[in-house]
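Mapping the sequence shown onto full-length UniProt numbering, position 179 (from 1) lands on 179, and the numbers just tick up by one.
Just so it is clear, CB atoms sit at the ideal spot from N, CA and C, and this is done for glycine as well.
It should be emphasised that the depicted structure is a prediction, and the values quoted were computed from it without experimental measurement.
Have a look at the structure below, then the notes.
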Amino acid sequence: MKETAAPAIRLCAATPKEDADAYAGFQDVTDIQDISYDSDKKTLKAQSVAGFRERKGVIAIVSEVFDSVTGESIKGSAVMTYNAHSLVCNVDSQQGEKGLTKDSRFFVRSTFYWTETDKDGKVVMQSHEVRRDSGLIYDEGEQIVKDITVQFPNTLKPRDYTIILYNRTAEVHVDDPDKVYPAIKPTKDNKLPFYIPFIGSVSVGTGKILGIDREKSSIKLQHPEYKTEVIFNKDKSNNWKDIKWKYLNNNTCLEWEFPENWRNELDLKDLSINSVFDFYAYLVVNVDLTGAGISIPVPITIGSNVEHGYTSCKIKQVFLQWGCLGEQTLIAMADGSQREIREIKVGDMVYTGKGNVEVINIYCGMEQEIICIETETDKRLLLTGGHPVMTEEGWVRANDLNAGMCIITADGKAEKMKGLYMMPYNKKVYNLELKENDLQLIAEGIIVGDFMKQNHMEDCCNRKEEPIKGQEELTAEFQILVSEINKRRKWNE
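Here you go:
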């Protein structure tokens, strides 16, 4: 089957709006993330991702892989979801017993559809089509890409994520951070300047490396649930020019060290659910295979959401941490006493409301301003904006509290707040990490999260989101459309 037009839909597709600053914080994404070849399983793989900051009534992806030479369709997939932030579409195509040859070239076409409600309350269908060439992903037995290594972010410590600590220091502990930025902290408008090193290398087994294609390459941090992304801003302040490249072994190895300042920022409002993220890099390596100076693009992918393969390297997730309590905050101890948090040491036992638990790490830093919570029974608690507090609705970060919420106290009662405000501070703040999974402390008689709860917080209210009204008919229509596309093109066989 030759390439055909993307399937028509009932509503007119509108052009996506361009953001004023396309690189400010987490952004929506509709893109082809990966094209790779598993030489062991002789399977060609393509992955397309749609992710949105705001929940959508309907999201659909129609993705298809074509032979670049003949234009023939090889395999495709149509998928949809509703009342969701994200969707992933995978196309896996077996290439027979012989697999690919060195002349094999492909391109992927993915069309993304999603619904929005305009200012008049009318449901509008948006769409975006993306095409991506595979480049040379296999060379018939000779591995062009010999090795991909990542020094950072990819901790060698026995845990599932690389820890980056902002505006904090940590005492000695097995889970000590892999990178600390003690002076980087959120701005007054709740934005965190984003710093993270990216150091690695690629080696080829044949040919010579000419360089990395700047325009086609991208580095990003992805939200694991929403699939939204923060991008390394290569167009700002000479960020791409400041990358340190080193060619070794007669240009068969290229090492890189990217600037730690991504010239971007994280909006802490986007981090209210989870502080563990996926790192992803797509680098197009230009390789001269014949010695004639002819550049052949060889894409490689690096990330915590990719699998190890011929041209891909899997690394660990990234765990970002920040936020604490005021230095004189009284913490409930295991012996029934209360102690200022600044006086607590590693090995001390605290009472969590669920039992007695050992303190295994202590984090501290400086804050110029701090949030003050006052309850109707005159409990008073100082804490940073990122710190979670137990409310009647569940865990809520201090920044997201409002005056109508009720705080849960140590005796399990709900108290109204009579005060919630920002105040000057200019002192140290602290947080404790506990050995067990209680993930909570009793601070000034109020239940708050410990360090791990603060930085790996579940949905604060644990409530199911209501379906977006007025899109039931469209949802049913897309379910039929996706089923029909897969059936007619025999993509499920």
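Item: Burial state of residue 57, where buried means 16 or more other Cβ atoms lie within 10 Å; Value: buried
Item: Where residue 476 falls, given that 16 or more other Cβ within 10 Å makes a residue buried; Value: exposed
Item: DSSP state of residue 488 mapped onto helix, strand, coil; Value: helix
Item: For residue 321 and residue 382, the rounded distance between their alpha carbons; Value: 19 Å
Item: Proximity below 8 Å, CB of residue 176 to CB of residue 286; Value: no
Item: Limits of the beta strand (DSSP E) - the one that residue 193 falls within; Value: 191-195
Item: Validate contact between the stretch 82-90 and the stretch 44-58 using beta carbons, cut 8 Å, 3 pairs; Value: yes
Item: Closest Cα partner of residue 377 within the set 95, 260, 411; Value: 411
Item: Straight-line gap, residue 398 to residue 387 (C-alpha atoms, nearest Å); Value: 6 Å
Item: Selected residue, minimal CA-CA separation from residue 204, among 254, 228, 219, 226; Value: 254
Item: Spatial distance of residue 134 from residue 165 (CA atoms); Value: 37 Å
Item: Sequence-distant residues of the same chain with beta carbon closer than 8 Å to residue 259, five excluded per side; Value: 239, 242, 243
Item: Beta-carbon gap between residue 302 and residue 150 smaller than 8 Å; Value: yes
Item: Validate contact between the stretch 77-86 and the stretch 221-239 using beta carbons, cut 8 Å, 3 pairs; Value: yes
Item: Cα-Cα separation between residue 528 and residue 346, rounded to whole angstroms; Value: This structure gives no information on residue 528, because the portion of the chain shown stretches from 1 to 493.
Item: CB contact flag (residue 145, residue 306, <8 Å); Value: no
Item: Per-residue DSSP class, three states only, for residue 366; Value: strand
Item: Inter-residue CB distance, residue 435 and residue 358 (contact presumed, cutoff 8 Å); Value: 4 Å
Item: Through-space distance from residue 179 to residue 185, alpha-carbon basis; Value: 14 Å
Item: Reference residue 37, options 197, 105, 409, closest by Cα; Value: 105
Item: Separation of residue 129 from residue 458, as counted between CA atoms; Value: Caution is warranted here: a pLDDT of 45 is assigned to residue 458, below 50, making its placement in the model unreliable, and the coordinate value is therefore given only provisionally. Whole-angstrom Cα-Cα distance: 34 Å.
Item: Status (buried if at least 16 other CB within 10 Å, exposed otherwise) for residue 395; Value: buried
Item: Bounding residues of the beta strand (DSSP E) (the contiguous stretch that carries residue 301); Value: 296-303
Item: Helix, strand or coil at residue 232 [DSSP, three-state]; Value: coil
Item: Inter-stretch contact (C-beta, 8 Å, three-pair minimum) for the stretch 363-380 and the stretch 416-425; Value: yes
Item: Per DSSP, cross-strand counterpart(s) of residue 371; Value: 383, 422
Item: Rounded separation between residue 390 and residue 379 - CA only; Value: 14 Å
Item: Sequence-distant residues of its chain with Cβ nearer than 6 Å to residue 491 (five each side left out); Value: 76, 77
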